[in-house]
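First the structure, in the form of structure tokens, and then the observations on it.
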Ligand code: NAD
């Protein structure tokens, strides 16, 4: 089996080399992202392995089918970059539903602590032998209310971490987990009553721009926003306005709605054309990391192993528990039997 890897980074290869050898396939690594112009690189391959910013839209799926590719193996959990509905009955799609919810939840807390205790500013100051504390006053997390949007694998780990800090946790989920002991409220109540809001739900048509000019108007003054999920959950222009108007006290962003051409690359010697991102980064109360929440050794090893296992199961055993199935038209709650493929 030959697998074309798109958007490959140096930290991917060592783990995938090990997994490929163990599962008996040949990886072909490309730095470029998958899109309609690069799909031809997959000619002669059995599967493509893609990441969060590869384009697996309808025209790309059509091309992959023409080149005989049978499987799109996502090496991530989120699949908003794949037209799963269009892929149904054309090409199979598998993903890695969980690899380390701790990696992402811990990064969300790291961003929050960095932001509210001004660690990023203190680090720069002491490197310059500036030991002044002026402007570094933060606030206690203990006793504050955190609103968690999405109480799946990552959201729940984040809730546990927050409880460890003595915070009051409220949550909103489209499908609340019965008997979980989580204090669920409506989306509106969460927005109105949280000192800190952290997003852990997938990006869908419904959740697109969940935080927008209107909902930002309902937030507590000085609220801290954390987004480690997907950038387009937040309308970035509205976020910027909310920061300028002081409604939003701080923003911690690991994802950005227009990140696909920017994140994961070194543009330190270039002029960034995205004015909204540049303005956000210039704000003293905004911290941006480049979609790195997943990036721990444990997560990378799990991603490689699960992806390789998905590929092997699919081609050798004709089944795959991690297939994104559109059989019953509801990918989140598909009723298919795991004993066979989606189609
Ligand atoms: P999960 O599927 O375990 O949980 C998602 C939860 O969101 C579920 O409980 C679901 O019911 C809920 N949900 C679905 N639609 C919703 C809506 N419209 N409003 C509110 N809740 C909704 O997923 P997870 O493993 O916890 O991952 C959460 C998200 O984190 C992923 O969708 C992905 O986008 C993101 N992620 C980011 C990184 C990173 O490196 N920054 C890494 C992994 C995952």
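Residue numbers (the numbering used here): 11 to 353. Glycine included, every Cβ here is placed at the ideal spot set by N, Cα and C.
| Is residue 192 near the ligand NAD, in the sense that its beta carbon is under 7 Å from a heavy atom of that ligand? | Checking the Cβ of residue 192 against the ligand NAD gives no.
| task | Confirm the yes/no value for this check: CB of residue 120, any heavy atom of the ligand NAD, distance under 7 Å. | result | no
| task | Check whether the Cβ atoms of residue 292 and residue 266 lie closer than 8 Å to each other. | result | For the 8 Å CB-CB criterion, residue 292 and residue 266 do not form a contact.
| query | Hey, residue 1 and residue 297: beta-carbon distance below 8 Å or not? | reply | In the structure as shown, the chain starts at 11 and stops at 353, and residue 1 therefore has no counterpart that could be examined.
| field | Whole beta strand (DSSP E) elements within the region 20 to 57, 3-residue minimum | value | 36 to 39
| message | Cutting at 7 Å between CB atoms, please list the residues of its own chain near residue 187, excluding the five before and the five after it. | response | 161
| request: Note down the Cα distance separating residue 256 from residue 157, rounded to an integer number of angstroms. | output: Here the alpha carbons of residue 157 and residue 256 stand approximately 19 Å from one another.
| request: Ignore the nearest five residues each way along the sequence and tell me which others in residue 46's own chain have a CB closer than 6 Å to its CB. | output: Short of 6 Å from the beta carbon of residue 46, and not among the five residues preceding or following it, lie these beta carbons of its own chain, in chain order: 69, 70.
| query | Exposed or buried, what is residue 31 when buried is set at 16 or more other beta-carbons lying within 10 Å of its beta-carbon? | reply | exposed
| message | Please report the straight-line C-alpha distance between residue 62 and residue 189, rounded to a whole angstrom. | response | 33 Å
| query | Under 8 Å, do residue 201 and residue 229 count as touching if we go by C-beta distance? | reply | yes
| request: Using a threshold of 8 Å, state whether the C-beta atoms of residue 122 and residue 244 are closer than that. | output: no
| task | Label residue 86 either buried or exposed according to how many other C-beta atoms from any shown protein chain fall within 10 Å of its C-beta, with 16 as the threshold for buried. | result | By the neighbour-count definition (other C-beta atoms within 10 Å, threshold 16), residue 86 is a buried residue.
| said: Looking at the secondary structure, which residues open and close the beta strand (DSSP E) in which residue 102 lies? | reply: 102 to 104
| Taking the continuous beta strand (DSSP E) assigned at residue 262, which residues delimit it? | Residues 258 to 263.
| Terminal residues of the continuous alpha helix (DSSP H) containing residue 201? | Residues 197 to 203.
| said: Assuming contact is defined by CB atoms lying nearer than 8 Å, are residue 80 and residue 49 in contact in what I supplied? | reply: no
| message | If contact is defined by three or more beta carbon pairs under 8 Å, each pair taking one atom from either stretch, is the region 108 to 116 in contact with the region 125 to 139? | response | No, the region 125 to 139 is not in contact with the region 108 to 116.
| said: Measuring CB atoms only, is the region 85 to 102 touching the region 220 to 234, in the sense that at least three cross pairs come out at less than 8 Å? | reply: Output reads no: the region 220 to 234 does not touch the region 85 to 102.
| query | Are the beta-carbon atoms belonging to residue 15 and residue 37 less than 8 Å from one another? | reply | With respect to the 8 Å criterion, residue 15 and residue 37 are classified as neighbours on the basis of their beta carbons.
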